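Laid out in structure tokens, this is it:
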């Protein structure tokens, strides 16, 4: 395995909360995958959840080396967790196609929140 790329992002939860309060689900629809929209229904703090998802997606896009273009879209990246709460990335649609085409086998992520900030870090690996 070799490192394909790394990415980091810092999001202000209060800024996300203002946009969420103003636009609600319209805002979420632009950022969240279908899987995340289902999870949103059961979270206590919607703005914190959306801020985490956005920070993770930004960090992942940076680790893919393209940002949000060239087949990498916010709604095609899902941030979830396993049963031990380890953060996991799932790719969908054309973003999954991009990841396969680039031989990216794993994307590791770490997420930390200390209001008013959320920090996400991503490392994408390829097989060599």
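Residue numbers (our numbering): 9 to 136.
Even glycine gets a Cβ: it sits at the ideal position worked out from N, Cα and C.
Just so it is clear, the structure is predicted and the values come from calculations on it, not from any experiment.
Chain-order list of residues whose beta-carbon lies under 7 Å from that of residue 69 (same chain, five-residue window excluded): 15, 75, 76, 80
For the beta strand (DSSP E) holding residue 122, just list the boundary residues, first then last. 112-122
Opposite residue 59 in the DSSP bridges: which residues? In the DSSP output, where bridge partners are listed per residue, residue 59 has none listed.
Could you name the residues of the same chain whose beta carbon sits closer than 7 Å to that of residue 89, not counting the 5 residues immediately before and after it, in chain order? Closer than 7 Å at the Cβ level, and outside the excluded window around residue 89, lie 95, 96.
Going by the CB atoms, is the gap between residue 17 and residue 120 shorter than 8 Å? no
Kindly indicate which three-state DSSP category residue 92 falls into: helix, strand or coil? coil
May I ask you to verify whether the stretch 29-46 touches the stretch 54-62, counting CB pairs closer than 8 Å and requiring at least 3? yes
Do the CB positions of residue 134 and residue 112 come within less than 8 Å of each other? yes
Along the chain, where does the beta strand (DSSP E) containing residue 15 start, and where does it finish? 10-20
Residue 91, buried or exposed, once every other Cβ within 10 Å from all chains shown has been counted against 16: exposed
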